[in-house]
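Reviewing the structure listed below.
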Amino acid sequence: MTDLSRKNFLRFLAASMGSLYLSGCINQEKLLSKSLSPNKITPTSFLLGPQNTVEGDPTAEPDEFPTQEPSVSPNPIYPDLVAARQGDPEEMVRAAVDSLGGMGRFVKPGDVVVVKPNICASYHSYEYAATTNPWVVGAVVKMALESGAKQVKVMDFPFGGTAEQAYRNSGIQAEVSKAGGKMVVMSNIKFIETSIPDGKDMKSARIYDDVLRADVLINIPIAKHHELARLTLAMKNLMGVIYNRPYMHANLGQRLADLSTRIRSNLVVVDAVRMLMAHGPTGGNLADVKKADTIIASPDIVAADSYAANLFGVQPENLGYIKKGVQMGLGVKNLSKLNIKEINLG
Numbered sequence: 004m005t006d007l008s009r010k011n012f013l014r015f016l017a018a019s020m021g022s023l024y025l026s027g028c029i030n031q032e033k034l035l036s037k038s039l040s041p042n043k044i045t046p047t048s049f050l051l052g053p054q055n056t057v058e059g060d061p062t063a064e065p066d067e068f069p070t071q072e073p074s075v076s077p078n079p080i081y082p083d084l085v086a087a088r089q090g091d092p093e094e095m096v097r098a099a100v101d102s103l104g105g106m107g108r109f110v111k112p113g114d115v116v117v118v119k120p121n122i123c124a125s126y127h128s129y130e131y132a133a134t135t136n137p138w139v140v141g142a143v144v145k146m147a148l149e150s151g152a153k154q155v156k157v158m159d160f161p162f163g164g165t166a167e168q169a170y171r172n173s174g175i176q177a178e179v180s181k182a183g184g185k186m187v188v189m190s191n192i193k194f195i196e197t198s199i200p201d202g203k204d205m206k207s208a209r210i211y212d213d214v215l216r217a218d219v220l221i222n223i224p225i226a227k228h229h230e231l232a233r234l235t236l237a238m239k240n241l242m243g244v245i246y247n248r249p250y251m252h253a254n255l256g257q258r259l260a261d262l263s264t265r266i267r268s269n270l271v272v273v274d275a276v277r278m279l280m281a282h283g284p285t286g287g288n289l290a291d292v293k294k295a296d297t298i299i300a301s302p303d304i305v306a307a308d309s310y311a312a313n314l315f316g317v318q319p320e321n322l323g324y325i326k327k328g329v330q331m332g333l334g335v336k337n338l339s340k341l342n343i344k345e346i347n348l349g
């Protein structure tokens with residue numbers, strides 16, 4: 004945006020007042036985590052249950068889309084990244100986000116929030132770690148509404164099965180409905196050709212207009228293996244808001260970084276409750292799943308992806324999109340330079 008709007012001014016003023024109030028009060032002691040080890044996973048069958056309301060009505064194209072604001076700038080008062088472990092999903096989400104300054108740091112009263120989990124296919128329930136944990140998504144929706152969000156929309160563009168099937172079978176639709184959010188079936192006619200001014204290779208893409216219009220984007224990937232990208236994390240998760248995904252596969256790392264310059268994640272919450280260690284992105288074998296009971300939260304998409312990569316034993320610089328993201332100034336991959344807080348809830 005070229006002009007500072009009234010909402011953006013209020014957002015800046017609130018952040019500044021919070022910083023003054025909290026200075027000197029934050030305990031930055033890091034709590035050591037327990038080591039991660041695979042645990043036996045037992046699948047659960049989701050009953051169909053009531054059919055929750057799903058939004059999918061097309062709207063007229065807007066006259067223009069402002070470039071989304073960058074994620075919250077680094078603030079010495081708050082950690083740059085928080086990892087919470089060994090709690091239930093909602094407990095870990097709340098602990099991680101609260102330690103970043105609370106959801107109110109990212110969501111202001113009256114905001115329209117888009118939540119982007121990974122709901123790539125309808126084939127499996129969440130235990131198979133192909134889709135984001137439904138209780139993680141539900142917790143984020145609750146917290147956004149508690150912070151005064153006008154509306155919280157949850158969406159993805161599945162490539163396997165219908166969106167309705169994927170939303171239901173993943174368990175996400177039920178938890179979002181309980182939390183007060185709205186599932187959105189992404190309509191083909193609402194993908195709008197949008198310029199990417201800072202793109203190095205990809206100069207435009209058809210991006211979903213609800214994402215472009217949103218005041219806040221919360222990116223909730225599941226940490227999993229991917230046969231092409233090696234790992235699917237937050238930057239890769241943004242492919243679910245564009246129409247022509249096959250185009251991305253050539254020069255994938257650069258194009259994901261390009262897309263991330265246009266679609267800014269205000270907050271990243273990585274679901275590593277269960278991690279798919281092989282045969283991603285859809286999996287299908289519980290033997291490939293590692294129960295890690297970890298949530299990573301950060302306004303820095305590169306830092307979040309870098310921390311998550313380490314959980315797989317992968318060096319961040321070996322992921323093309325992280326390497327390109329650093330080159331384009333999207334965030335920090337050198338975790339030693341960041342203020343990281345680790346919380347053990349067990």
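Numbers 4 to 349, taken from our numbering, label the letters of the sequence shown in order. All C-beta atoms in this analysis are idealised placements derived from N, C-alpha and C, irrespective of residue type, glycine included.
Please state if the CB of Ile304 and the CB of Val85 are separated by a distance shorter than 9 Å. No, the Cβ-Cβ distance between Val85 and Ile304 is not below 9 Å.
Mind checking who Leu333 pairs with in its DSSP beta bridge? DSSP lists no partner for Leu333.
Rounded to the nearest angstrom, what separates Ser128 and Asn313 at their Cα positions? Our two residues, Ser128 and Asn313, have alpha carbons roughly 26 Å apart in a direct line.
Could you compute how far the alpha carbon of Tyr324 sits from the alpha carbon of Ala87? Counting only the Cα atoms, Ala87 lies some 25 Å from Tyr324.
Going by Cα to Cα distance, which pick from Gly334, Ser102, Ile221 is closest to Asn240? Between Asn240 and the set Gly334, Ser102, Ile221, the nearest pair of CA atoms involves Ile221.
The beta strand (DSSP E) enclosing Asp101, as first and last residue numbers: Note, Asp101: premise wrong, no beta strand (DSSP E); alpha helix (DSSP H) at 92-102.
With three or more C-beta pairs closer than 8 Å as the rule, is the stretch 151-160 touching the stretch 116-124? Judged by pairs of C-beta atoms under 8 Å, the stretch 116-124 touches the stretch 151-160, as three or more such pairs exist.
My guess is that Gly164 and Ala124 are in contact by the Cβ rule of under 8 Å, so how many angstroms apart are they, rounded? 6 Å between Cβ atoms; contact.
Pull up the distance between the alpha-carbon of Arg277 and that of Ser309, whole angstroms please. So the alpha carbons of these two residues sit roughly 17 Å apart.
Three-state class that DSSP yields for Thr165 in the structure shown: Secondary structure at Thr165: coil, using DSSP grouped into helix, strand and coil.
For my contact list, Asp204 and Arg258 are in at a C-beta cut-off of 8 Å; report their separation, rounded to the angstrom. The distance from the Cβ of Asp204 to that of Arg258 is about 6 Å, consistent with a contact at the 8 Å cut-off.
Please work out which residues of its chain come closer than 6 Å, Cβ to Cβ, to Met95, disregarding the five sequence neighbours upstream and downstream, and give them in chain order. Only Ala87, Ile298 meet the Cβ criterion.
Note the first and the last residue of the continuous alpha helix (DSSP H) segment covering Ile210. Per DSSP, Ile210 belongs to no alpha helix (DSSP H); it is in the beta strand (DSSP E), 207-211.
Can you name the start and end residues of the alpha helix (DSSP H) that Gly149 belongs to? Checking the sequence, you will find Glu at residue 149 rather than Gly. In the DSSP assignment, Glu149 falls within the unbroken alpha helix (DSSP H) covering 137-149.
Which partner residues of Pro120 appear in the DSSP bridge assignment? According to DSSP, Pro120 bridges with Ile223.
Have a look at Asp212 and Val144 and give me their C-alpha separation to the nearest angstrom. Rounded to the nearest angstrom, the two C-alpha atoms are 20 Å apart.
Spatially closest choice to Asp114 from Met146, His228, Asn342, by CA coordinates: Checking every option, the nearest Cα to that of Asp114 belongs to Met146.
Specify the secondary structure class of Ala275 as computed by DSSP and reduced to three states. Strand.
Candidates Thr135, His228, Tyr246, Lys193: closest to Asn172 by CA position: In terms of CA proximity to Asn172, Thr135 leads the group Thr135, His228, Tyr246, Lys193.
Going straight from the alpha carbon of Ala237 to that of Phe160, what length do you get? Distance between Ala237 and Phe160, taken at the CA atoms: about 15 Å.
Roughly how many angstroms lie between the CA atoms of Val244 and Gly283, to the nearest whole one? Taking the straight line from one Cα to the other gives about 19 Å.
In angstroms, rounded to a whole number, what distance separates the CA positions of Asn55 and Ala169? In this prediction, Asn55 scores a pLDDT of 38, lower than 50, which makes its location untrustworthy; the coordinate-derived value is nonetheless stated afterwards. Going by the C-alpha atoms only, they are around 13 Å apart.
Short of 8 Å in beta carbon distance, which residues of its chain neighbour Arg209, apart from the five on each side in sequence? Order them along the chain. Phe194, Ile195, Glu196, Thr197, Ile245, Tyr246, Asn247, listed in sequence order.
Output needed for Ala253: all residues of its chain with C-beta closer than 8 Å, excluding positions within five of it in sequence on either side, in chain order. Contacts found: none.
Does DSSP put Met251 in a helix, a strand or coil? Met251 carries a helical assignment under DSSP once its states are collapsed to helix, strand and coil.
What's the C-alpha gap between Arg267 and Gly287? Straight-line measurement puts the Cα of Gly287 at about 31 Å from the Cα of Arg267.
Do Pro92 and Ala142 count as a contact pair if the criterion is CB distance below 9 Å? Yes. Within cutoff.
Does the beta-carbon distance from Ile199 to Arg265 come in below 9 Å? In this structure, Ile199 lies near Arg265, with their beta-carbon atoms less than 9 Å apart.
By the DSSP assignment, the alpha helix (DSSP H) with Ile304 in it spans what residues? Looking at the DSSP string, the run of the alpha helix (DSSP H) that includes Ile304 is 304-314.
How many angstroms separate the CA atom of Gly191 from the CA atom of Thr285? The question names Gly, but residue 191 is Asn in the sequence shown. When only Cα atoms are considered, Asn191 and Thr285 end up about 23 Å apart.
Of all the options Asp296, Glu345, Lys185, Ala290, which has the alpha carbon lying nearest to the alpha carbon of Ile225? Ranking the options by Cα distance to Ile225, first place goes to Asp296.
9 Å Cβ cutoff met for Leu103 and Pro302: If you check the CB distance, Leu103 and Pro302 come in under 9 Å.
Between the alpha carbons of Ser207 and Leu348, how many angstroms are there, rounded? One C-alpha to the other measures close to 43 Å.
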